[in-house]
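2 protein chains.
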Amino acid sequence: MNDEIAGLIAGAPAPDAAAASAVRERAANVLRPAGALARLDDVAVWLAAWQRTATPAVRKPHLVVFAGDHGVTAEGVSAYPAEVTQAMLKALDEGVATATAMAATVGATVEVVDVGVGHPTGNIAREPALSDERFRECFERGRRAVVDCDLLVFGEMGIGNTTPAAAITSVLLNCPAEKCTGRGTGVDDAAFANKKLVVDTARARLRDAEPMEVLRELGGSELAAIAGATLEARLRSIPVVLDGFVVCASVAPLHALEARALEHCIAGHRSPEPGHGLLLELFGMRPLLDLEMRLGEGSGALAAVPLVKIAAAAVTDVATFQEWGVERSD
Amino acid sequence: MNDEIAGLIAGAPAPDAAAASAVRERAANVLRPAGALARLDDVAVWLAAWQRTATPAVRKPHLVVFAGDHGVTAEGVSAYPAEVTQAMLKALDEGVATATAMAATVGATVEVVDVGVGHPTGNIAREPALSDERFRECFERGRRAVVDCDLLVFGEMGIGNTTPAAAITSVLLNCPAEKCTGRGTGVDDAAFANKKLVVDTARARLRDAEPMEVLRELGGSELAAIAGATLEARLRSIPVVLDGFVVCASVAPLHALEARALEHCIAGHRSPEPGHGLLLELFGMRPLLDLEMRLGEGSGALAAVPLVKIAAAAVTDVATFQEWGVERSD
Chain H
1 MNDEIAGLIA
11 GAPAPDAAAA
21 SAVRERAANV
31 LRPAGALARL
41 DDVAVWLAAW
51 QRTATPAVRK
61 PHLVVFAGDH
71 GVTAEGVSAY
81 PAEVTQAMLK
91 ALDEGVATAT
101 AMAATVGATV
111 EVVDVGVGHP
121 TGNIAREPAL
131 SDERFRECFE
141 RGRRAVVDCD
151 LLVFGEMGIG
161 NTTPAAAITS
171 VLLNCPAEKC
181 TGRGTGVDDA
191 AFANKKLVVD
201 TARARLRDAE
211 PMEVLRELGG
221 SELAAIAGAT
231 LEARLRSIPV
241 VLDGFVVCAS
251 VAPLHALEAR
261 ALEHCIAGHR
271 SPEPGHGLLL
281 ELFGMRPLLD
291 LEMRLGEGSG
301 ALAAVPLVKI
311 AAAAVTDVAT
321 FQEWGVERSD
Chain R
331 MNDEIAGLIA
341 GAPAPDAAAA
351 SAVRERAANV
361 LRPAGALARL
371 DDVAVWLAAW
381 QRTATPAVRK
391 PHLVVFAGDH
401 GVTAEGVSAY
411 PAEVTQAMLK
421 ALDEGVATAT
431 AMAATVGATV
441 EVVDVGVGHP
451 TGNIAREPAL
461 SDERFRECFE
471 RGRRAVVDCD
481 LLVFGEMGIG
491 NTTPAAAITS
501 VLLNCPAEKC
511 TGRGTGVDDA
521 AFANKKLVVD
531 TARARLRDAE
541 PMEVLRELGG
551 SELAAIAGAT
561 LEARLRSIPV
571 VLDGFVVCAS
581 VAPLHALEAR
591 ALEHCIAGHR
601 SPEPGHGLLL
611 ELFGMRPLLD
621 LEMRLGEGSG
631 ALAAVPLVKI
641 AAAAVTDVAT
651 FQEWGVERSD
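Chains as they are written, first to last, in the numbering used here: chain H, 1 to 330; chain R, 331 to 660.
Dropping the structure here:
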């Protein structure tokens with residue numbers, strides 16, 4: 001699939017340079033000292049480039065949460081039993097989970113996509129997470145989850161899934177488990193040691209694999225779906241706010257294939273998982289938020305959605321010095 | 331006024347400990363690993379304590395922008411002529427300024443209060459900013475601007491007002507201008523040198539003054555109003571999100587009188603003005619955002635308002651493990 005996906009990325013639309021420069025210019029001329037909103041102006045320009053309009057706005061943000069189970073939980077890498085994924089899926093479906101509460105607050109619609117709850121992946125400590133066929137199914141399911149909207153957030157739910165995230169990070173960055181593995185939902189010392197052992201074993205096994213092979217072997221159903229969804233958003237020029245460690249690990253193989261694959265993405269937040277910081281550095285992205293959140297479900301990205309909305313309004317809804325008849329001084 | 335204000339603070343209500351601990355407990359029991367939202371849970375607890383309810387929410391946030399002119403602009407400390415304050419006041423009034431665009435986006439109502447546009451303060455390089463009488467008037471005007479709402483943001487607009495902010499900071503922290511003075515809206519080297527000279531001169535003059543005296547002598551009409559408004563919010567137990575350098579310098583004299591004066595406040599953001607970082611450290615506050623914004627008008631605090639809203643919803647609108655019939659593992 002590596003060539004196929006690299007081909008899709010190669011044919012994907014470039015950002016809309018005209019929209020971006022129109023917004024850049026307006027941002028420099030609205031009623032405030034040039035550059036006073038700093039990074040928010042950059043966000044408005046990015047949004048314009050991918051929404052392909054000089055009047056960017058966030059009116060219909062959309063969250064898709066992908067859920068799946070992980071065979072690697074058999075290794076005792078998580079503080080929670082795998083059955084909790086099922087309960088959380090139901091909570092997401094019924095709108096009483098953290099991500100759904102946040103989505104309601106920021107005005108985002110929500111879809112929850114079950115790509116493998118009750119159908120755990122292979123245990124990546126010793127076998128591929130997904131067969132070729134199932135990997136492709138999950139990836140395509142992710143692509144189909146992209147609906148018409150002006151800003152996308154992908155989230156994940158899957159007990160044990162920071163282990164695949166650490167394993168992918170470990171392989172792609174050729175980095176020992178010690179440096180890219182965290183405690184996830186908060187495992188004890190013994191489970192943490194197991195987790196690092198799984199990650200190092202996986203790295204040894206996949207050392208020379210192609211990026212999408214790494215994702216298939218070490219990822220999970222929801223990780224594959226997030227990669228597919230993020231690619232589809234790129235092809236359709238829909239901007240994406242990236243969530244935390246698991247989401248960034250899911251899209252890291254796309255980045256490894258071709259850095260342009262993630263040009264339509266910004267980082268919503270930085271989680272305290274050490275691997276997340278490494279991936280953001282690799283992507284060259286500075287997160288909007290750094291609040292030590294470590295939940296997943298898309299929550300870190302959702303918390304950043306209002307900043308994107310504000311950034312756009314602060315360009316489109318503010319008068320320019322010219323319109324206001326004031327001479328600027330800087 | 332120092333004794334009078336210290337007396338008011340002494341009689342102010344303590345935070346609602348019962349509401350705070352109810353929210354702390356619920357946050358630890360909703361459907362996510364305990365502590366996964368980290369600082370957002372702390373924000374929810376803080377909000378509960380000052381809204382005095384176990385079901386905190388941000389439904390009617392309110393922004394008050396205080397505007398005034400500064401005699402110190404005669405020293406060439408700003409990149410903009412003082413007349414720009416008037417034009418910006420009109421833009422705020424008509425809803426085409428940055429703060430009003432942001433307020434609309436986050437659902438905040440806005441009041442703009444002119445406490446001295448066209449009536450510049452004394453030039454703090456050589457004379458008191460405000461007379462006793464005018465200081466009290468501005469302070470009381472600020473108090474009267476506090477309306478019934480569930481979250482307050484105070485903003486300021488006044489060409490030249492980072493100079494008073496730096497001067498106040500310099501005196502209260504006994505810190506040379508070099509360390510607590512920045513370029514504000516972006517002055518050139520000559521104006522920046524003037525600005526630091528003004529700050530050091532002011533510090534020498536006010537070295538031994540009482541906190542409210544420092545504010546009267548070195549502040550400005552909008553700074554006095556913000557101090558009054560923040561005190562009033564404290565007396566009425568309304569939570570406040572602090573904006574950037576000028577707002578924090580306005581309330582620093584309250585903190586110098588009695589640290590409890592600012593217990594109802596959180597820091598919305600950190601501006602790149604060096605004095606702002608020093609004040610936040612003094613207050614013991616970690617800002618929610620750090621995006622290099624340096625506008626004022628309440629913009630940095632407004633950008634943080636959605637996080638407060640989200641923090642509350644992520645406790646009140648999420649089911650608990652017990653409600654959901656799942657056993658927790660941590």
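Heads up, the beta-carbon is just placed ideally off N, CA and C, and yes, glycines get one too.
Counted within 10 angstroms of its Cβ, other Cβ atoms place residue i as buried (16 or more) or exposed
i         : result
VAL477(R) : exposed
GLY11(H)  : exposed
SER299(H) : buried
ALA108(H) : buried
ARG546(R) : buried
PRO343(R) : exposed
ASP538(R) : exposed
PRO176(H) : exposed
ASP399(R) : buried
ALA642(R) : buried
GLU4(H)   : exposed
ALA350(R) : buried
ALA647(R) : Note that residue 647(R) corresponds to Asp in the displayed sequence, not to Ala. The residue in question, ASP647(R), is buried, as its Cβ has 16 or more Cβ neighbours within 10 Å.
GLY655(R) : exposed
ASP189(H) : exposed
ALA347(R) : exposed
Pick from the options that is closest to residue i, judged by C-alpha positions
i         : options                                    : result
MET157(H) : ASP132(H), LEU278(H), THR320(H), ALA67(H)  : ALA67(H)
GLY550(R) : LEU565(R), VAL581(R), LEU572(R)            : VAL581(R)
GLY277(H) : LEU295(H), LEU152(H), CYS180(H)            : CYS180(H)
CYS595(R) : SER567(R), LEU587(R), LYS390(R), ALA349(R) : SER567(R)
ALA579(R) : ALA495(R), VAL436(R), ASP519(R)            : ALA495(R)
HIS269(H) : MET293(H), LEU254(H), GLU281(H)            : MET293(H)
ARG134(H) : ILE159(H), ALA125(H), PRO120(H)            : PRO120(H)
GLY490(R) : PRO506(R), ARG471(R), ASP444(R), ILE454(R) : ILE454(R)
ALA334(H) : LEU173(H), GLU281(H), ALA79(H), LEU254(H)  : With chain H covering 1 to 330 only, the question about residue 334(H) has no answer from this structure.
ARG26(H)  : VAL326(H), GLY184(H), ALA314(H), GLY325(H) : ALA314(H)
PRO272(H) : ALA256(H), LEU254(H), LEU257(H), LEU295(H) : LEU295(H)
ALA36(H)  : THR515(R), ASP423(R), GLU467(R)            : THR515(R)
HIS255(H) : ARG286(H), LEU288(H), PRO211(H)            : PRO211(H)
VAL214(H) : THR320(H), ALA319(H), LEU173(H), ARG144(H) : LEU173(H)
8 Å Cβ cutoff met for residue i and residue j
i         : j         : result
PHE469(R) : GLY558(R) : yes
ASP620(R) : GLY485(R) : no
VAL414(R) : VAL528(R) : no
ALA433(R) : LEU393(R) : yes
VAL638(R) : LEU377(R) : yes
LEU31(H)  : ALA421(R) : yes
ALA532(R) : LEU553(R) : no
ARG354(R) : VAL375(R) : yes
ARG234(H) : ALA261(H) : yes
LEU151(H) : VAL241(H) : yes
GLY512(R) : PRO604(R) : yes
GLU2(H)   : GLN322(H) : Reading off the sequence shown, one finds Asn at residue 2(H), where the question assumed Glu. For ASN2(H) and GLN322(H), no; Cβs fall outside 8 Å.
GLY448(R) : GLN416(R) : yes
PHE283(H) : THR162(H) : no
GLU263(H) : PRO15(H)  : yes
ALA555(R) : VAL442(R) : no
ALA404(R) : VAL517(R) : no
PRO61(H)  : VAL106(H) : yes
ARG627(R) : VAL388(R) : Residue 627(R) is actually Glu in this sequence, not Arg. Contact: no.
LEU338(R) : LEU609(R) : no
Proximity test, residue i beta-carbon vs the ligand ZN heavy atom, cut-off 7 Å
i         : result
ASN504(R) : With respect to the ligand ZN, the structure shown offers nothing to examine, as it has no ligands at all.
Legend entry - Meets three-Cβ-pair contact criterion under 8 Å: the region 496-511 of chain R and the region 429-438 of chain R: no
Inset, instruction - Would you be able to state if there are at least three C-beta pairs under 8 Å between the region 291-306 of chain H and the region 189-199 of chain H? - result: no
Inset, instruction - Answer yes if the region 124-133 of chain H comes into contact with the region 49-60 of chain H, meaning at least three C-beta pairs across the two stretches below 8 Å, and no otherwise. - result: no
Legend entry - Within 7 Å of chain R by C-beta, residues of the region 182-197 of chain H in sequence order: THR185, GLY186
Inset, instruction - May I ask you to list, following chain order, the residues of the region 37-61 of chain H that have a beta carbon less than 7 Å from some beta carbon of chain R? - result: LEU37, ALA38, ARG39, LEU40
Inset, instruction - With 9 Å as the C-beta to C-beta threshold (strictly closer), list the residues of the region 433-444 of chain R near chain H in chain order. - result: ALA434, THR435, VAL436
Legend entry - Proximal residues, the region 392-418 of chain R versus chain H, C-beta separation under 8 Å: ALA409, TYR410, PRO411, VAL414, ALA417, MET418
Inset, instruction - Could you please tell me which residues of the region 296-320 of chain H, in chain order, have their CB closer than 7 Å to any CB of chain R? - result: ALA303, PRO306, LEU307, LYS309, ILE310, ALA313, ALA314, ASP317, VAL318, ALA319
Legend entry - Within 8 Å of chain R by C-beta, residues of the region 228-253 of chain H in sequence order: none
Inset, instruction - With 8 Å as the C-beta to C-beta threshold (strictly closer), list the residues of the region 20-33 of chain H near chain R in chain order. - result: VAL30, LEU31, ARG32, PRO33
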